[in-house]
Amino acid sequence: MKEFNLCPRFEKAMGLLSTRWVGLILFDLLNGTKRFSEMEADLPISGRLLSDRLKMLEKEGIVERNIYSEFPVRIEYSLSKKGKELEPVIKEIQSWADQHVTHEEVAEKDA
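Following this line, the structure appears as structure tokens:
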């Protein structure tokens, strides 16, 4: 049996990805650049919490925030190169979930 040593970098990455709503935000941004209002409409999350998570992901270099000097000001969010490199990971988690997480388990969580 192969032995695994816990790595602080792995623990940091798992902590970041397991932060509530981060996975859904990243999954949403895999579809391309989004305005805050679009993300707020797409996700079951409050605007304040979405803003906090986007700031966290921006600080980590995973999400980029672009401000356009228009009236009104337009702000768009997209995945950085670092964030785009998470795509295969996110898709594999989705594939695993499709195979192993039942509709009943999801319904129990929502109840």
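First residue of the sequence shown: 1, per UniProt numbering; consecutive thereafter.
Beta carbons: idealized from backbone N, C-alpha and C, even for Gly.
Bear in mind the structure is a predicted one, so any value in this text is a computation, not a measurement.
Straight-line CA distance for residue i to residue j?
{"i": "lysine 91", "j": "glutamate 108", "result": "24 Å"}
{"i": "phenylalanine 27", "j": "glutamate 3", "result": "32 Å"}
{"i": "arginine 35", "j": "leucine 54", "result": "12 Å"}
{"i": "leucine 57", "j": "valine 101", "result": "27 Å"}
{"i": "glutamate 85", "j": "asparagine 5", "result": "24 Å"}
{"i": "asparagine 66", "j": "threonine 33", "result": "10 Å"}
{"i": "proline 8", "j": "isoleucine 93", "result": "21 Å"}
{"i": "glutamate 11", "j": "valine 22", "result": "16 Å"}
Beta-carbon separation of residue i and residue j under 8 Å?
{"i": "tyrosine 77", "j": "valine 63", "result": "yes"}
{"i": "leucine 30", "j": "glutamate 60", "result": "no"}
What is the DSSP secondary structure of residue i, counted as helix, strand or coil?
{"i": "valine 63", "result": "strand"}
{"i": "glutamate 76", "result": "strand"}
Name the DSSP beta bridge partners of residue i, please?
{"i": "lysine 34", "result": "Tyr77"}
Counting Cβ pairs, one atom from each stretch, are 3 or more of them under 8 Å apart for the stretch 80-87 and the stretch 35-51? no
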